[in-house]
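Chains A and B are the protein sequences, given in the same order. Start counting the first sequence at 1443; every next residue gets the next number (this note's numbering). Start counting the second sequence at 6; every next residue gets the next number (this note's numbering). C-beta atoms are modelled at their ideal positions from N, C-alpha and C, and glycine is treated no differently. Presented below is the structure to which this report refers.
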Amino acid sequence: MGELRIMGSKGDQKVIWDPKNKDEVDASKITFDSLIKKGFKAFKVDKKGDAGSQIKKFDPKAGKIILVPEIVGG
Amino acid sequence: MAPYTSTDYYGSSSDTAWVSWNSHVPEGTSCTSTWYYWNSETCTAIGNSYNTWGNWCENVDNYTVWTDVGNLVIQHKTKRLARTLNFRKRLIKRSEKKRRKDLAKIEIHKRNREAAEIRAKELLLDLIGEDQLKIYNETGRLFVRGRKNDYIVQKYGYVKKLEKDKVVDLCIHLDNKTKYPETDNVIALKLLIEGNEEKFTKTAHHACYAPAYNELPKCACMP
């Protein structure tokens, strides 16, 4: 199962997909792409404790993707 | 002469008030100084008219009537003053209602933020594990290893970039960061350091420098 965690003002929102289910993968990809367009950054986190790596395209095989709003310098 | 203390005047018709006045003041309405005082205050009244009293009650805030003897006889709330007081009362009631509404809104906002922070900590728990989360809860700090440098990301305050001989304070955060739970800000910075350190250092503003730590402060770190 894949998992998108989208950060928001009410805490993160979870979107789950089954990599074998095309409809779920497509729906998750649409969500992913729309948020990337809005300026969110995506980080793939494979296993517990692993360092995240930034991705720019939706990877249905990624275990967990965290979508982070834009980061700015203070 | 005993002071006149009736409150009948307020809200009564002018003629009733007038009769009431006559029955309580021995000098009666013919008393020169009384009329003088009334007329000088209302400016329009004619002494022998019932309307005088009506005008009086309607248009002055506090009336004080003097007899020939020169004693203070009456000090009453008039209709105008009553209207002002009622208006003030309504105003206070309205602002109190608004204040209560605002307090309720603040309370809801506070509860939502707390719930959001709990969710953010659940996400951090997935990333660092239970033991490290305990340390994070205690210190509000997370140690993050980048490719070039190490960092301490704090729940509140600057990100500390640890260099060989100094500590650099970096100002970097989520855009509109007050909108998000504090721990989401920590997670976002951790991910950016690990995933794209170059972008992280380019984005951050270097606030100030300090000597290197003799001993690293207690922080949660990756297991």
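Does DSSP classify G1453 of chain A as helix, strand or coil? strand
R152 of chain B by DSSP, collapsed to three states: which one? coil
Cβ distance (whole Å) where S1470 of chain A is taken to contact K184 of chain B below 8 Å: In fact, because the Cβ distance is near 24 Å, the residues do not count as touching under 8 Å.
Give the straight-line distance between the Cα atoms of I123 of chain B and Y214 of chain B, rounded to the nearest whole angstrom. 33 Å
Distance cutoff 9 Å, beta carbons only. Does D136 of chain B sit that close to anything in chain A? no
Return helix, strand or coil for D174 of chain B, following the three-state DSSP convention. strand
The alpha helix (DSSP H) spanning G200 of chain B covers which residue range? 187-200
Who are K115 of chain B's beta bridge partners in DSSP? The partner list for K115 of chain B (beta bridge, DSSP) is empty, contrary to what the question assumes.
Among A:A1493, A:D1501, A:G1516, A:N1463, the one whose alpha carbon lies nearest that of I198 of chain B: A:A1493
Is L221 of chain B helix, strand or coil when you go by DSSP? coil
Per DSSP, the bridge partner or partners of A215 of chain B: B:V172
Spatial neighbours of F1474 of chain A in its chain, beta-carbon cut-off 8 Å, leaving aside the 5 residues before and after: L1446, A1484, F1500, I1507, L1509
Thinking C-beta only, is I177 of chain B closer than 9 Å to V1514 of chain A? yes
Return no unless some Cβ of chain A is closer than 9 Å to the Cβ of R99 of chain B. no
Partners in chain A for C176 of chain B, counting only beta-carbon separations shorter than 8 Å: G1515, G1516
Just tell me which of B:G151, B:E203, B:E112 has its CA closest to the CA of M227 of chain B. B:G151
Residues of chain B with a CB under 9 Å from the CB of I1508 of chain A: which are they? L128, L132, I192, A193, L196
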